[in-house]
Amino acid sequence: MAEYESHDYDVIIIGAGGAGLRAAIEAKARGLRTALICKSLLGKAHTVMAEGGVAAAMGNIYAEDNWQVHFRDTMRGGKMLNNWRMAQLHAQEAPDRVHELEAWGALFDRTPDGRILQRDFGGHRFARLAHVGDRTGLELIRTLQQRVVSMDVDVFMECKILRLVADAEGVVSGAVGYWRPTGEMVVFSAKAVVLATGGAGKSWKYTSNSWECTGDGHAMALWAGADLIDMECVQFHPTGMVWPLSVRGLLVTEGVRGDGGVLRNSEGTRFMFNYVAEMFRAETADSEEEADRWYDDHSAGRRTPELLPRDEVARAINTEVKSGRGSPHGGVFLDIASRRTPEYIRRRLPSMYHQFMELAGVDITAEPMEVGPTCHYFMGGVRVEADTGAATVPGLFVAGEVAGGMHGANRLGGNSLSDLLVFGRRAGIGASDYAAGRSGSPRPDEGEIQHSITEAFAPFERTDGENPYELHQELQEMMQTLVGIIRTGDELERALGELDVLRDRAAKVSVGGGRAYNPGWNLATDLPAMLTVSRCVTLGARDRKESRGGHTREDFPSADPEFGKVNLVQRQPSGGGVNGDIKIVPEPIPEMPAELAELFEESH
Amino acid sequence: MSDVTMNVWRGDGDGGDFAEYTLPSQEGEVVLDVIHRIQATQAGDLACRWNCKAGKCGSCSAEINGKPRLMCMTRMDQLPEGPVTVAPMKAFPIIRDLVTDVSFNFEMAKQVPAFAPPPRPDGGYRMQQIDIERGQEFRKCIECFMCQDVCHVIRDHEENKAHYAGPRFFIRYAELEMHPLDTNDRRELVRQKAGLGMCNITKCCTEVCPEHIKITDNAIIPMKERVVDASYDPVAWLGRKILRRQKASPGEATAHGA
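In order, the protein sequence lines correspond to chains A and B.
Mapping the first sequence onto numbering that gives the first Met the number 0, position 164 (from 1) lands on 163, and the numbers just tick up by one.
Mapping the second sequence onto numbering that gives the first Met the number 0, position 231 (from 1) lands on 230, and the numbers just tick up by one.
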């Protein structure tokens, strides 16, 4: 029997990005014994990289904005695959969550009359994003972090959670993991568990995601028997850096386009005018003059096509590059230098200025940037009850990127930070209520704990296995090539075969060195989740034989109304782990009530 | 292409030494890229912290050729020719290799009394952009802790850590002190518990700040002036004796906010 350290709480929250922090605040405020567990140091989670802003229909710039308009934008942007109830709650509650941040010390940019300034972003009809220059994520995470610290929440840093552990009745009752600094094992027992682990972009070669985004939460939920939905819906952000190679994929905020930047191909053409889908034609400018008028006054013209939803823009860039009209390093040009003054650019986009100057030697106030699509965000995730964040297994609550449904097939920019706040809070309440109603002490199954520990230490026992870094690179190459932005049935079948091989090889990796702060070993323990999530994305992509939002099939280029009515649900028997047999079935999406459906009729 | 040679400190709290790694150079790389390639090909257990690789999270602080810098924002082609030395931050205890125990900073964060605004009025708080710009400058801080690392008050005097919060937290106190809506008074706290007086404004913190925050000029010196006003101005002292104080007194500033 392996030894481990034990902790007991009412509510544990795994992940300390925006959603996890917000959930912890709520659980602690309700007087529950609350622990917040994170893989890195506090305040370093991927939320810190969010740039553009947090979407909330406060109406500070355009008084005609309201939650119904935000709701409609979100659903249309998600190609109507969204869970309508989540989209409704999100649009209704986002303004309160932003005001709450302000009361906790956030300093958003201001309007001339002293209110919170809002900026334009793709797919949002009105200027709606509260922001701090282009470092809004930092402001959000620091504000929540400082709140959590002032409330004296117990925070456990640099702790990697390996598995959720249920009790004998199948109720999620805790989690097992290890301290990265020492490599010693730890078990948290809890009456309720909140997963807020973020995304899984690290399985692709070109991604905006940090090393932490390995899909731990998606995989752990699936392994615990919870349903995942729409895992094929992965967002490729249209504008990542493409050069130098070492920073390829690094995010370039949509705020560049929101603040006046335009996309051009190698011929100098503003090509987005050629890619306006039928669904958006009535609301989109059809000349450069009209688009430029719109920037100054939204009633003087229709919106610029550069600010179509991200899936549309990413596909357009992909097509331009493939047609030979790309930039020297295989992207397109994003030009704000010729359209705004250097002072304006430096004030509105300070980190973009800094990032290009330092890393690429490009002065964005004087020359265009080169950009191309980068793997950015998981719309799919754990299936949850909209109001409480409850997953389909008892005792488990989920919020943020790891949850599915809110964004449908494509997420609008700015809706992620608001999602974290709205559903982080709701999952915190859901978990607190569940924990308060659960009698007796949680008893996580000892057999499952021991199994997880044995599995985690196995790479040290093997001496001649494969290098985890090489395996990871191969996974990234394969997913980039075969399960990228444009997919075909043949390639997806090949990817599933490759994933079988990689899974067998991952079972044989070996690592050198000791347990204390050993990144090679840490990576080896991240691989099972990455492989499981990659498989879920590939299975979903194979079975969704249509193109919708972030999921594009070359062999099925149109949206299919029948697929528009279903979530692709994936599940496997509890305890199966990375070798479990995943079932994938279509199930009807929740039906929208008539009063909301009316918002989508032609007159609107 | 030519090779690069890296001298990377390897070891733990019990000691260690520099290890030399040679690998082919690649165009456009930053120091962190080379560290990653060492991990992938030569030393899988080489410990370093990193997250965003974009200068936004402040995880990958190290001393590169003796100077605290973010590994992700230091381009190899801008360093002088010859071997590059990478060592952990000196002011903090070593966990392994390039990873240090920075928990000192998280302890200091707990001592800062929370932001305490008045109740939200109908229509929301109003603040002018010009009044929050200084606070926004301080809130650019990515908590890389390089200002703490380079501050000689703690770098060379471990014993000072018990009563010296350091530059990172001086800008936090200053941010709250200058916040248009805050109702707490932290001046006495920053003088006594946070040890503001021990800073003798050598500006080392400002020099290493990757966010170019003017820590000394815009936070520490104004805070020193405010502390002096609060603690040593005889006219103000007399005024306080005669009139009742308006703000919550320093000792009453609560760590847990409203």
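Glycine included, C-beta positions come from ideal geometry on N, C-alpha and C.
Below 8 Å, enough C-beta pairs join the stretch 226 to 237 of chain A and the stretch 539 to 559 of chain A to call them touching: three or more.
Residue burial annotation: Ala281 of chain A is exposed, with fewer than 16 other C-beta atoms found within 10 angstroms of its C-beta.
Within 9 Å of the CB of Gly169 of chain A, no CB atom of chain B is found; the nearest one sits about 35 Å away. Taking 7 Å as the CB threshold, Arg185 of chain B stays off the interface with chain A.
Ranking A:Glu305, A:Leu306, A:Thr142 by CA distance to the CA of Phe107 of chain A puts A:Thr142 first. The beta-bridge partner set that DSSP reports for Gly380 of chain A consists of A:Ile228.
Runs of the beta strand (DSSP E) lying entirely within the stretch 50 to 131 of chain B and spanning at least 3 residues, in chain order: 60 to 63, 66 to 69, 83 to 86, 93 to 95. Any Cβ of chain A closer than 7 Å to the Cβ of Cys59 of chain B would place that residue at the interface, and such an atom is absent. Around the beta carbon of Gly267 of chain A, fewer than 16 other beta carbons sit within 10 angstroms, so the residue counts as exposed.
Residue range 565 to 570 is occupied by the beta strand (DSSP E) that includes Gln569 of chain A. Setting aside the 5 residues that flank it on each side, Arg114 of chain A is surrounded in the same chain by Asn59, each with a C-beta closer than 7 Å to its C-beta; the list follows chain order.
Contact between Thr40 of chain B and Glu19 of chain B does not hold, since their C-beta atoms are separated by about 14 Å, which reaches or exceeds 8 Å. Only exposed fits Ser322 of chain A, as fewer than 16 other CB atoms lie within 10 angstroms of its CB. Taking the Cα of Asp148 of chain B as reference, the smallest distance to any Cα among B:Ala86, B:Ile129, B:Gly123 is reached at B:Ala86. Residue range 30 to 40 is occupied by the alpha helix (DSSP H) that includes His35 of chain B. In this structure, the beta-carbon distance from Ala402 of chain A to Val381 of chain A falls below 7 Å. A Cβ-Cβ contact shorter than 7 Å links Ala199 of chain A with Phe377 of chain A. For Asn517 of chain A, the nearest beta carbon of chain B is closer than 7 Å to its own beta carbon. Assignment of Gly257 of chain A by DSSP, reduced to helix, strand and coil, places it in the helix class.
Secondary structure note for Tyr20 of chain B: its beta strand (DSSP E) is the uninterrupted segment 14 to 23. Secondary structure at Gly176 of chain A: strand, using DSSP grouped into helix, strand and coil.
Inter-residue distance for Gly513 of chain A and Asp2 of chain B is about 29 Å (C-alpha atoms, whole angstroms). Taking one beta carbon from each stretch, the stretch 348 to 368 of chain A and the stretch 244 to 254 of chain A have 3 or more pairs nearer than 8 Å; the two touch. The stretch 136 to 154 of chain A makes contact with the stretch 113 to 125 of chain B; the number of CB pairs closer than 8 Å reaches 3 or more. For Asn217 of chain B, no Cβ of chain A is located within less than 7 Å of the residue's own Cβ. Here Ala54 of chain A carries a strand assignment [DSSP, helix/strand/coil]. The DSSP-derived three-state label of Lys582 of chain A is strand. Taking C-beta atoms under 8 Å as the contact rule, Glu176 of chain B and Arg125 of chain B fail to qualify, at a distance of about 20 Å. Within chain B, no C-beta atom comes less than 7 Å from the C-beta of Gly214 of chain A; the nearest is roughly 16 Å away. Excluding residues up to 5 positions away in sequence, Phe91, Phe144 lie with their Cβ nearer than 7 Å to the Cβ of Val101 of chain B in the same chain. Under the Cβ distance rule, Gln38 of chain B counts among the residues neighbouring chain A, one pair being separated by less than 7 Å. Three or more beta-carbon pairs drawn from the stretch 414 to 428 of chain A and the stretch 43 to 60 of chain A are found closer than 8 Å, and the two stretches are therefore classed as touching. Taking a Cβ-Cβ cut-off of 9 Å, the neighbours of Lys109 of chain B in chain A comprise Val148, Ser149, Asp151, given in sequence order.
Using a C-beta cut-off of 8 Å, the stretch 570 to 578 of chain A makes no contact with the stretch 589 to 596 of chain A, since fewer than three inter-stretch Cβ pairs fall below that distance.
Closest in alpha carbon position to Arg338 of chain A, among A:Met271, A:Ile363, A:Ala596, is A:Ile363. With respect to the 7 Å criterion, Thr196 of chain A and Gly216 of chain A are classified as neighbours on the basis of their beta carbons.
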